[in-house]
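**Q** Using mature numbering (1 follows the signal peptide of the UniProt record, and there is no 0), the letters of the sequence shown correspond one by one to residues -18 to -1, 1 to 452.
All C-beta atoms, glycine included, are put in the ideal place defined by N, C-alpha and C.
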Amino acid sequence: MKKLIFLILAFAGVTAQAKVYNVRDFGAAGDGVQIDSPAVNEAIDAAFTDGGGVVYFPDGVYSCYSIRLKDDITLRLADGAVIKAAAPTAEQGYDLPEPNEWDAYQDFGHSHWKNSLIWGMELENITIEGRGLIDGTGVLSRGVPRKGSFAEANKAIALKNCRNVKIKDIRMLQCGHFAMLLTGVDWLEIDGVLVDTNRDALDIDCCANVKITDCVVNTLNDDAIVLKSSYGLGWAKPTENVLIKNCLVSGYDPGTVMDGSFGTSITAAPDRDGPTGRIKFGTESNGGFKNIVIRNCEFKRCRGLAFETVDGGLIENISVKGIVMDDIWNSPIYIRVGDRMRGPEGLPASAARNIEISDVRVTNCDSRYALLIVGLPDSPVENVSLKNISIQYKGGLTKDDVREQRGSNSFFFGRNNGYPEPSAHGIQPAWGLSMQHARNISFKNVEMELMQPDEREKIYLKDVENFSWE
């Protein structure tokens, strides 16, 4: 793991002084009324023709449709600059989603990149920086565009098969299905970004050599920082060599982290099981997840860590350390091997092994699902070490709650081929730890306590071999 951290910290390159192309010089008005994307794209074309450069947005509101990136381009936003997603009309809108012969193996959002506010494919040396705002409020859609309305966009930033990408210091508000969908990107750095959005924030899909640092990510309705390995590229490419460090993830009301009010009026995501937020692997998991380091991150009013592989991928060599969680709405740690197998025929069995989690403190945690580790009978979760863990559960449940599944949001408990989520397993017979189909699991200095009495047992084990708790 030390080699991995050194590798990731060392990859950032040095950028030579580049020529600046002010979008105002190409006809952008920045008045929030004129559609400025033609001027922005003209500035990008000019910079590209000259061998690359900085496309600069001075203070102003730039209403835009699709902005098309090219090699060696930096988008630089002044502090008072806003790139505002413009509402499409019958005459104009965003670029159409490109064809993808593999779109049956993941949802619409993961399968297309051009139907976005800012997009690029097969590019090198891309930077988006500055303390300006990318605002999709009321325009970028939260799901699949309506039939006949493919001039809509459902992502703010979408990159496919790019190399040497840096996204630094920007702010992003209400950015649709994905604030960022980054697929097949090698050498990626995201630093100092604030994202306050209505669905997924940072989707890192089939990427390698990634550093995500000092980011604040608020996503009540979906995942905050989520690693994926879909089949969107047409093959099972892993997400690997990733460092996530000094980040805060949360599930406050959308928009209220950016405005500083930290709203708590909305108490459930669309799946009816509390705010989401969190750091997660999956569910798209064809290629697996390898060599992932998570350090010094904070979870507030959201769900806990979730490591999920259900589409034939391998989770391997994961190191988590220095995590603080408060007001956690489901399992504080969830490790799941399943067999949804969404992909072409012949996928290998999903698997998870060699996971180390240490120095974690959790307070005010939902106890319905406990700390949950669930493998498959023929593919158990293997070689997991938890050390120096403190979890404070709310408690207060009864054995009748388990029998009757009171307050649960699922009716398909324990389906190995279903969508992986702690709630899919139902309220557990134990409040502290529930583990099924696992091998070689070690707990050392792991403490669990209740805020109020709970009738259930502390621990539930089924088909578990070589488990120790010291």
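Given a threshold of 16 other Cβ atoms within 10 Å of its Cβ, counted over all protein chains shown, does Trp451 qualify as buried or as exposed?
**A** Within the sequence shown, the letter at position 469 stands for residue 451. Trp451 comes out exposed.
**Q** Just reading off the beta strand (DSSP E) that Thr195 is part of, what are its end residues?
**A** Numbered from its first residue, the sequence shown carries residue 195 at position 213. Segment Ala190 to Thr195, the beta strand (DSSP E) holding Thr195.
**Q** To the nearest angstrom, how far is it from the Cα of Tyr316 to the Cα of Ser361?
**A** For the purposes of this step, residue 316 is taken as residue 334 along the sequence shown, with counting starting at 1. For the purposes of this step, residue 361 is taken as residue 379 along the sequence shown, with counting starting at 1. The straight-line gap from Cα to Cα measures roughly 16 Å.
**Q** Considering Cα atoms alone, identify which of Val344, Glu134, Cys144 and Ala60 is closest to Leu164.
**A** Looking up residue 164 in the sequence shown gives position 182. Per the Cα distances, Cys144.
**Q** Assuming Glu386 is part of the alpha helix (DSSP H), what are its boundary residues?
**A** To locate residue 386, count along the sequence shown from 1; it is residue 404. For Glu386, the enclosing alpha helix (DSSP H) has its first and last residue at Lys381 to Glu386.
**Q** DSSP on Ser367, reduced to helix/strand/coil?
**A** Taking the first residue of the sequence shown as position 1, residue 367 is located at position 385. If DSSP states are grouped into helix, strand and coil, Ser367 belongs with the strands.
**Q** Nearest to Gly408 by alpha carbon, out of Ala67, Asn312 and Asp445?
**A** Reading the sequence shown from its first residue, position 426 is the one you call residue 408. With distances taken between Cα atoms, Gly408 lies closest to Asn312.
**Q** Can you give me the C-alpha to C-alpha distance between Asp61 and Ala67, rounded to a whole angstrom?
**A** Position 79 of the sequence shown, counted from the start, is the residue given in the question as residue 61. Position 85 of the sequence shown, counted from the start, is the residue given in the question as residue 67. Between Asp61 and Ala67, the C-alpha separation is close to 18 Å.
**Q** Could you name the residues of the same chain whose beta carbon sits closer than 6 Å to that of Asn370, not counting the 5 residues immediately before and after it, in chain order?
**A** In the sequence shown, residue 370 corresponds to position 388, counting from 1. Ser340, Asp341 and Asn427.
**Q** What would DSSP say about Phe90, mapped onto helix, strand or coil?
**A** Here residue 90 refers to the residue found at position 108 when the sequence shown is read from its first residue. Three-state result, Phe90: helix.
**Q** Suppose you measure from the CA of Gln434 to the CA of Ile26; what does that come to, to the nearest Å?
**A** Stepping through the sequence shown from its first residue, residue 434 is reached at position 452. Stepping through the sequence shown from its first residue, residue 26 is reached at position 44. Going by the C-alpha atoms only, they are around 60 Å apart.
**Q** DSSP on Phe449, reduced to helix/strand/coil?
**A** Taking the first residue of the sequence shown as position 1, residue 449 is located at position 467. Correct three-state label for Phe449: strand.
**Q** Just tell me which of Ile110, Ile108, Lys444 and Ile49 has its CA closest to the CA of Leu99.
**A** Along the sequence shown, read from residue 1 onward, the residue named residue 99 stands at position 117. With distances taken between CA atoms, Leu99 lies nearest to Ile49 out of Ile110, Ile108, Lys444 and Ile49.
**Q** Taking only beta-carbon atoms, is Ile305 less than 7 Å away from chain B?
**A** Although the question refers to chain B, the structure presented lacks it and comprises just one protein chain.
**Q** Alpha carbon to alpha carbon, how far is Ala331 from Gly264?
**A** Walking along the sequence shown from the start, residue 331 turns up at place 349. Walking along the sequence shown from the start, residue 264 turns up at place 282. When rounded, the separation of the alpha-carbon atoms in Ala331 and Gly264 is 15 Å.
**Q** Excluding the 5 residues preceding and the 5 following Ala140 in the sequence, name in chain order all residues of the same chain whose CB lies nearer than 6 Å to its CB.
**A** As a first step, residue 140 is located in the sequence shown; it is residue number 158 there, counting from the start. Result list for Ala140: Trp95, Ser98, Trp101 and Leu163, in chain order.
**Q** Please look up how many angstroms separate the CB atoms of Ile310 and Cys284, rounded, as I've assumed it's under 8 Å.
**A** In the sequence shown, residue 310 corresponds to position 328, counting from 1. In the sequence shown, residue 284 corresponds to position 302, counting from 1. Between Ile310 and Cys284 a beta carbon distance of about 7 Å is seen, short of the 8 Å cut, so the two are scored as contacting.
**Q** Write down every uninterrupted run of the beta strand (DSSP E) in the stretch 95 to 119 whose length is 3 residues or greater and which is fully enclosed by it, in chain order.
**A** 100 to 103, 106 to 112 and 115 to 117
**Q** Do the stretch 245 to 258 and the stretch 213 to 225 make contact, defined as three or more Cβ pairs closer than 8 Å?
**A** no
**Q** Asp382: which of Arg438, Glu327, Asn191 and Thr345 sits nearest, CA to CA?
**A** Locating residue 382 in the sequence shown gives position 400, counting from the first residue. Taking each of Arg438, Glu327, Asn191 and Thr345 in turn and checking the Cα distance to Asp382, the smallest one comes out for Arg438.
**Q** Does the distance from the C-beta atom of Ala183 to that of Gly259 stay below 7 Å?
**A** Numbered from its first residue, the sequence shown carries residue 183 at position 201. Numbered from its first residue, the sequence shown carries residue 259 at position 277. Their beta carbons are not under 7 Å apart, which means Ala183 does not touch Gly259 by this criterion.
**Q** What is the residue span of the beta strand (DSSP E) that Phe8 lies within?
**A** Your numbering for residue 8 matches position 26 in the sequence shown. It is not in any beta strand (DSSP E) - Phe8 carries neither H nor E in the DSSP assignment.
**Q** Suppose contacts are defined by Cβ-Cβ distances below 7 Å. Is Ala161 in contact with Val147 by that definition?
**A** Residue mapping note: residue 161 aligns to position 179 of the sequence shown, counting from 1. Residue mapping note: residue 147 aligns to position 165 of the sequence shown, counting from 1. No, the Cβ-Cβ distance between Ala161 and Val147 is not below 7 Å.
**Q** Look at the Cβ atom of Asn268, then the Cβ atom of Glu298, and state whether they are nearer than 7 Å.
**A** Reading the sequence shown from its first residue, position 286 is the one you call residue 268. Reading the sequence shown from its first residue, position 316 is the one you call residue 298. The answer is no: Cβ separation not under 7 Å.
**Q** According to DSSP, is Ala25 helix, strand or coil?
**A** Stepping through the sequence shown from its first residue, residue 25 is reached at position 43. Here Ala25 sits in helix by DSSP.
**Q** Are there 16 or more other CB atoms within 10 angstroms of the CB of Lys1, so buried, or fewer, so exposed?
**A** Translated into positions along the sequence shown, residue 1 becomes position 19. With fewer than 16 Cβ atoms within 10 Å of its Cβ, Lys1 is classed as exposed.
**Q** Quick one: residues in its chain with C-beta nearer than 8 Å to the C-beta of Gln410, no 5 flanking neighbours on either side, listed in chain order?
**A** The residue you call residue 410 lines up with position 428 of the sequence shown. Correct list, in chain order: Arg350, Tyr351, Ala352, Leu354, Val384, Ser416, Arg438 and Tyr442.
**Q** Check the C-beta distance from Lys137 over to Met103 and give it rounded, since I have them as a contact under 8 Å.
**A** Counting from one through the sequence shown, the residue named residue 137 turns up at place 155. Counting from one through the sequence shown, the residue named residue 103 turns up at place 121. 13 Å between Cβ atoms; not a contact.
**Q** Under a three-way DSSP split, which group does residue 474 fall into?
**A** In this structure the chain extends from -18 to 452, so residue 474 is not present and cannot be described.
**Q** Going by DSSP in three states, Asp32 sits in which element: helix, strand or coil?
**A** To locate residue 32, count along the sequence shown from 1; it is residue 50. Correct three-state label for Asp32: coil.
**Q** Mapping the DSSP letters down to three states, classify Asp85 as helix, strand or coil.
**A** Locating residue 85 in the sequence shown gives position 103, counting from the first residue. It is helical.
**Q** Does Arg153 pass the burial test, meaning 16 or more other C-beta atoms within 10 Å, or should it be called exposed?
**A** For the purposes of this step, residue 153 is taken as the residue at position 171 of the sequence shown. Buried, because 16 or more other Cβ atoms sit within 10 Å of the Cβ of Arg153.
**Q** Since Asp168 is in the beta strand (DSSP E), which residue starts that stretch and which ends it?
**A** Along the sequence shown, read from residue 1 onward, the residue named residue 168 stands at position 186. Run containing Asp168: Asp168 to Asp173, per the beta strand (DSSP E) assignment.
**Q** Return the Cβ separation of Glu24 and Phe39 in integer angstroms, given the expectation that the two are a contact with Cβ distance under 8 Å.
**A** In the sequence shown, counting from the first residue as 1, residue 24 sits at position 42. In the sequence shown, counting from the first residue as 1, residue 39 sits at position 57. Glu24 to Phe39, Cβ: 14 Å. No contact.
**Q** Label Val15 either buried or exposed according to how many other C-beta atoms from any shown protein chain fall within 10 Å of its C-beta, with 16 as the threshold for buried.
**A** Working through the sequence shown from its first residue, we reach residue 15 at position 33. Flag for Val15 reads exposed.
**Q** Please confirm whether Leu287 and Ile261 have their CB atoms less than 7 Å apart.
**A** Along the sequence shown, read from residue 1 onward, the residue named residue 287 stands at position 305. Along the sequence shown, read from residue 1 onward, the residue named residue 261 stands at position 279. Against a cut-off of 7 Å, the Cβ pair of Ile261 and Leu287 comes out as a contact.
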